[in-house]
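Chains as they are written, first to last, in our numbering: chain C, 6 to 345; chain V, 6 to 345.
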């Protein structure tokens, strides 16, 4: 089969890779309907994260079940399924508490590489959620978004306790930040402040439910949030970038007693203890337990209540994956969808 | 009047200071029944925190109202009152959300110096809570504990979401850590693991409700907590020290999705972003909003349900304050009560 392999920073190729096969009786093989390039794929692309040799890429996916292992009981060939970037058993104590990304048996899908024609999904019963029927083509991008960016933005908004009566600030205008705006809206937030200086992204943020746009960053951004909230700061802040500046901007944009949900992968970030102590906020984040939210999100997508697939502004055949990486790296695209 | 003044690290004196007087119409003057030395008073005593010249000390207090300003409406002379280390109006939006230590009009009582015969309490209506009657002498230490260490330990346990069915680990065996054990017990925790290597403190922890004692620290301490929790980590962890090691011990002792409540003042602490991201915990802490809990805690003390005053294992007249500081610095005393 064809699949994306990163050989070095900036060097992404689509190559022949071995067809995946059932390795454990809990596995399923899916034919990938659509995959995409994640903001986190840009870390190794930019050389920030070290590559351990040539690496198959991709951890977001939707597809059709082709084959299931002997222990798989809830899935059958022909079903359309969505999974998340952590495979999880969905039965352990951590999963049952809603933290499937911390499952005691979790498997990182990045080790599988879903930017390909086929993919092996470990722990298939726990990981994959099927739709009642194979959905129409125009819903594929939405379901694909649920696999990571929507689920992650949603988790960030939940971690920030976005809800009725709340003012929510969102730091980061990538796909996750934009979908955190959508999530905050769905969760009933009263006011949603998107922090963005990119006009097309501001526009999408507004369409997703942002009531205010703040273009300032860092201390100026914090001051603007304070201005907009009677000097107090936001009740809820989503951090969807992962830099030192964005984390401190998020923490200091929240009011005392407020909630910060962070989902940007925090490379080279170091939180100063006294500043965190003085902020008196709630901080929660990490790899999103997308599986927790999949049934609800898939329902909202299926009945067309939300349209998270709009974050895909570049749609390419798999063989042109390198262009998709480049466009995201140069911020010409918010998110690239790849069709095998 | 007589009052404690710190002149330099290790140099604590009891001196004549001016009698406090009403400065703002919302002030009250109290005759201090008892004050005490806080673990945080040891930071400047040890030279870790810089002193800005000779400094009146003390921010914990109970006493009898002597005089009230013209705008004070809820208090009258003769009442026995407890306050916290942050004076707060208890009416602003932050106070109403339960974060009085982040009150928009807050005043740090450390600037007043309550290790003295009298003290001026700003924002008296918001800050002070009166008992129905002047309590018997044996309850004074308990009420004094409510002023900071009990309220802080309680907040830490609440921030860590201690409650029924939960396993709670407490890092730190000072007065705050020990009272977090008591709080976790009152909040209904199923299992409470106190981390302490000091026999008398282990004993008090057990009396306050600890079910297990762990003497290991750092990575070994984390491994012990994992052993005791089926490899998962505790649901709730209280951090009541404030060092790099204790913070990381707390964060890594919690399970994925678990809650860490931190109240140790985090000097020289720096939280590595990727480790925090990977931990996937809730982190909440800072200066405790003790005022939120005072009515409930004073009730529990008044009806003798809890006896937090047991953390005071050294009881000295105010004039011997220097001995009290020294004993705590050398860890010969858990906490020193001072009687003016």
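We treat Cβ as the ideally placed atom computed from N, Cα and C, and that holds for glycine.
- Within the same chain, and ignoring the five residues on either side of residue 233 of chain C in sequence, the residues whose Cβ sits closer than 7 Å to its Cβ are 198, 217.
- Straight-line spacing of the CA atoms in residue 91 of chain V and residue 130 of chain V works out to 13 Å.
- Excluding residues up to 5 positions away in sequence, 9, 40, 118, 119, 120, 121 lie with their Cβ nearer than 7 Å to the Cβ of residue 63 of chain V in the same chain.
- Residue state for residue 339 of chain V is assigned as coil, using DSSP reduced to three classes.
- Secondary structure at residue 72 of chain C: strand, using DSSP grouped into helix, strand and coil.
- Residue 296 of chain V and residue 101 of chain V have their C-alpha atoms spaced approximately 11 Å apart.
- Neighbours of residue 102 of chain C in chain V, taken as residues at a C-beta separation under 7 Å, are given in chain order as 262.
- The segment 78-91 of chain C and the segment 174-181 of chain C do not touch, with fewer than three beta-carbon pairs separated by less than 8 Å.
- In this structure, DSSP gives residue 238 of chain C a state outside helix and strand, which the three-state scheme calls coil.
- Nearest in C-alpha terms to residue 321 of chain V, of all of V/331, V/313, V/312, is V/331.
- In terms of CA proximity to residue 298 of chain V, V/155 leads the group V/155, V/73, V/76, V/16.
- In summary, residue 254 of chain C is buried, with 16 or more beta-carbon neighbours lying within 10 Å of its beta-carbon over all protein chains present.
- For the segment 264-285 of chain C, the beta-carbon criterion of a distance under 8 Å to any beta-carbon of chain V is satisfied by 267, 270, 271, 272, 273, 274, 275, 276, 277, 278, 279, 281, 282, 283, 284, 285.
- When C-beta atoms of the segment 271-282 of chain C are compared with those of the segment 244-262 of chain C, three or more pairs fall below 8 Å, so the two segments count as touching.
- Cβ atoms of residue 42 of chain C and residue 333 of chain C come within 8 Å of each other, at about 6 Å.
- Residue 263 of chain C is not a Cβ neighbour of residue 103 of chain V, given a cutoff of 9 Å.
- For residue 18 of chain V, no alpha helix (DSSP H) segment is defined; the enclosing uninterrupted segment is the beta strand (DSSP E) at 16-21.
- Proximity of residue 249 of chain V to chain C, defined by a Cβ-Cβ separation below 9 Å, is satisfied.
- Fully contained in the segment 210-239 of chain V are the following alpha helix (DSSP H) runs of length 4 or more, in chain order: 223-233.
- Under the three-state reduction of DSSP output, residue 43 of chain V falls in the coil class, being neither helix nor strand.
- Between the alpha carbons of residue 144 of chain C and residue 338 of chain C lies a gap of roughly 20 Å.
- For residue 50 of chain V, the secondary structure class from DSSP, reduced to helix, strand or coil, is helix.
- For the segment 283-307 of chain C, the set of positions with a beta-carbon nearer than 7 Å to some beta-carbon of chain V reads 283, 284, 285, 287, 288, 289, 290, 291, 292 in chain order.
- Counting C-beta atoms within 10 angstroms of its own C-beta, residue 150 of chain C has 16 or more neighbours from the protein chains shown and is therefore classed as buried.
- Taking every protein chain shown into account, the CB of residue 292 of chain V has 16 or more other CB atoms within 10 angstroms, so this residue is buried.
- Cα atoms of residue 160 of chain V and residue 30 of chain V: separation of roughly 31 Å, rounded to the nearest angstrom.
- Closer than 9 Å to the CB of residue 237 of chain V there is at least one CB belonging to chain C.
- Taking the CA atoms as reference points, residue 212 of chain V sits about 53 Å from residue 56 of chain C.
- One thing to note: residue 165 of chain V has its Cβ no nearer than 9 Å to the Cβ of residue 89 of chain V.
- Under a criterion of Cβ atoms nearer than 8 Å, the residues of chain V adjacent to residue 252 of chain C are, in order, 278.
- Residue 58 of chain V and residue 48 of chain V have their C-alpha atoms roughly 15 Å apart.
- Sorting V/134, V/341, V/323, V/184 by C-alpha distance to the C-alpha of residue 80 of chain V places V/134 at the top.
- Residues of chain V with a Cβ closer than 8 Å to the Cβ of residue 99 of chain C are, in chain order, 237, 260, 261, 262.
- Here residue 73 of chain C has 33, 80 as same chain residues with Cβ atoms under 6 Å from its own Cβ, once five neighbours each way along the sequence are excluded.
- If you draw a 10 Å sphere on the C-beta of residue 51 of chain C, you find fewer than 16 other C-beta atoms in it, and that means exposed.
- Residues of chain C with a Cβ closer than 8 Å to the Cβ of residue 93 of chain V do not exist; the shortest Cβ-Cβ separation is about 11 Å.
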